[in-house]
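Protein chains in written order, with the numbering used here: chain A, 93 to 315; chain B, 93 to 315.
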DNA sequence: ATGACAAAAAAATCCAACATTTTTCGTTTC
DNA sequence: GAAACGAAAAATGTTGGATTTTTTTGTCAT
């Protein structure tokens, strides 16, 4: 076996394969529209015929992989249209979920948001100085955790699930911007602080605007 | 093989199995929280170990089936919380998509909406008189087609996909109301006509309200 | 070039079996 | 009788290899 467990939830081969593939798609090791042949993937990641197909089926549902009947799987395309679409849906979902979290969130929730924000700041600082793969991975995870914490208390399992999937679809673009040095860490820091403040003050208008701005800058169509 | 092709897209065993299972979950032949044992399902629907697992993985992604690591699959629960959650997300998604369709929709789109509305009226009339399984199936399909037509021109593949999944999650409840004679066909007809009119006049406020009402009555928590 | 046709590749499926985990159930103990 | 325990049974997750079908590729004649 090539890999080992990456997190608590990786208790089956399929979920381990899924983690590995997710990471490689996010980091661009597997390129958009690239054909994903079962045999090649097995050689690279291990797992059986069956497990690999199940994994691709899973990633396909997550929007990271495209499947065409009788023609197998390929990495989800990453056209300007795709970026636009992901941004559109993600903005609406997160705005909605945040508004709900404003209603339901208590002090404990605020604490978790603050903690996630703090961890994110550390990760941004680390990745700003040396953008190696490891710190990039940790930075990506910190972004995910902060986003997740924000909407955690929307108390809607489906919204939470959706947000996660859309976030994962966004990761490719966020990491690409990091690689190409297109991230303005200074303004990100200001914006994230402002967002945190808005959340703690339950300033819905400001929070929605900042959230939208955050997503839009991460997902601005480059081409 | 127990079944035959049910639609154009059913060109693989997995997609046929998925159709059959989707139908049986919607119609209540498979009950909420019921354990889905691979062996039993194979005996009932055919297909190999592999195909059945892949199918369940697929339905799991669609929100019709729950999967727990090392503990297999079960039919997605149908608690009042679930109904509430589905309604919440579906309302927001469809409202958003409809607003976008208002921007992008042209005459051809309006034509398809009118056609879908017409077909729906026929199906409602048919199912009102004799609610056998066949007409119920056709009615369900007409509802789906009408909803899909409304948002078709939002031009967002992800929104369209989401709407379909949420609609499929709703079908169980809609069909249950039909079975229990809780549907007010008269007011449905009025509302659907009003919705059509609002769409043709691009009356966004009215359309959003009617759409929300339609979904809420279909998904009102019973218990 | 172009189209027809054969060969190769890949996808989709199935079967049979094995390892691991969960569940069940009967026994023992308090 | 109820709780704790552990062995047996069941179910899940996984594998390898074989088979069928579909798509892709390469070749040849027109």
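All C-beta atoms, glycine included, are put in the ideal place defined by N, C-alpha and C. These figures come from a predicted structure and were not determined experimentally.
Nearest to residue i (by Cα), restricted to the options the options
i: residue 293(A); options: 153(A), 148(A), 205(A) and 137(A); result: 205(A)
i: residue 172(B); options: 276(B), 166(B) and 180(B); result: 180(B)
i: residue 168(A); options: 210(A), 131(A) and 117(A); result: 117(A)
i: residue 273(B); options: 199(B), 310(B) and 298(B); result: 310(B)
i: residue 252(A); options: 198(B), 177(B) and 227(B); result: 177(B)
i: residue 270(B); options: 284(B), 249(B) and 235(B); result: 235(B)
i: residue 127(A); options: 165(A), 246(A) and 222(A); result: 165(A)
i: residue 133(B); options: 147(B), 280(B), 237(B) and 125(B); result: 147(B)
i: residue 189(A); options: 255(A), 160(A) and 281(A); result: 255(A)
i: residue 194(A); options: 241(A), 305(A), 162(A) and 161(A); result: 241(A)
i: residue 192(A); options: 279(A), 219(A), 275(A) and 244(A); result: 244(A)
i: residue 217(B); options: 266(B), 281(B) and 135(B); result: 281(B)
i: residue 307(B); options: 263(B), 278(B), 295(B) and 250(B); result: 263(B)
i: residue 224(A); options: 268(A), 200(A) and 187(A); result: 268(A)
i: residue 83(B); options: 140(B), 130(B), 226(B) and 199(B); result: This structure cannot settle anything about residue 83(B), because the visible part of chain B is limited to 93 through 315.
i: residue 305(A); options: 228(A), 187(A), 222(A) and 149(A); result: 187(A)
i: residue 150(B); options: 113(B), 163(B) and 131(B); result: 113(B)
i: residue 103(A); options: 163(B), 250(B) and 130(B); result: 163(B)
Under 7 Å by beta carbon: chain A residues contacting residue i
i: residue 105(B); result: Result: empty, since nearest Cβ-Cβ is about 11 Å, beyond 7 Å.
i: residue 171(B); result: Near residue 171(B) there are no residues of chain A at all, since even the closest Cβ is about 11 Å away, more than 7 Å.
i: residue 145(B); result: 146
Cβ shell of residue i (< 8 Å), same chain only, five flanking positions each side left out
i: residue 143(A); result: 105, 106 and 109
i: residue 288(B); result: 205, 206 and 209
i: residue 93(B); result: For residue 93(B), the pLDDT reaches just 31, beneath the cut-off of 50, and the residue's location in the model is therefore unreliable, leaving the point undetermined.
i: residue 196(B); result: 245, 246 and 247
i: residue 152(B); result: 158, 159 and 165
i: residue 198(B); result: 245
i: residue 275(B); result: 269
i: residue 232(B); result: 118, 263, 266 and 267
Continuous alpha helix (DSSP H) stretch holding residue i: start and end
i: residue 249(B); result: 249 to 271
i: residue 235(B); result: 225 to 243
i: residue 289(A); result: 277 to 292
i: residue 107(A); result: 105 to 118
i: residue 133(A); result: 130 to 137
i: residue 304(A); result: 296 to 310
i: residue 197(A); result: Here residue 197(A) belongs to no alpha helix (DSSP H), and DSSP marks it neither H nor E.
Residues that residue i contacts on chain B, provided the C-beta gap is smaller than 8 Å
i: residue 175(A); result: The contacting residues do not exist; residue 175(A) stays about 12 Å from chain B at best.
i: residue 188(A); result: 184
Contacts around residue i, its chain only, beta-carbon distance under 7 Å, and the 5 residues preceding and following it disregarded
i: residue 312(A); result: none
i: residue 290(A); result: 298, 299 and 302
i: residue 258(A); result: 178, 181, 182 and 185
i: residue 212(B); result: 234, 235, 238 and 284
i: residue 277(A); result: 216 and 220
i: residue 228(A); result: 219, 267 and 270
i: residue 145(A); result: 130
Residue i: contacting residues in chain B (beta-carbon distance under 7 Å)
i: residue 181(A); result: 248, 250 and 251
i: residue 132(A); result: Here the premise fails: no neighbours, minimum Cβ distance about 20 Å.
Neighbourhood of residue i by C-beta distance below 6 Å, restricted to the same chain and skipping five residues each side
i: residue 230(B); result: 215
i: residue 261(B); result: 155 and 178
i: residue 124(B); result: 167, 169 and 170
i: residue 98(A); result: For residue 98(A), the pLDDT reaches just 45, beneath the cut-off of 50, and the residue's location in the model is therefore unreliable, leaving the point undetermined.
i: residue 122(B); result: 116 and 167
i: residue 140(B); result: none
i: residue 286(A); result: 302
i: residue 201(B); result: 245
9 Å Cβ cut-off: residues of chain B touching residue i
i: residue 161(A); result: 101, 103, 104 and 107
i: residue 280(A); result: Residues of chain B passing the Cβ test: none, with the nearest at roughly 25 Å.
i: residue 153(A); result: 149, 150, 152, 153 and 154
i: residue 178(A); result: 250
i: residue 209(A); result: Within chain B, no residue comes near residue 209(A); the closest Cβ sits about 26 Å away, beyond 9 Å.
Every unbroken beta strand (DSSP E) within the stretch 140 to 187 of chain B, with a cutoff of 3 residues, ordered by chain
157 to 160 and 164 to 167
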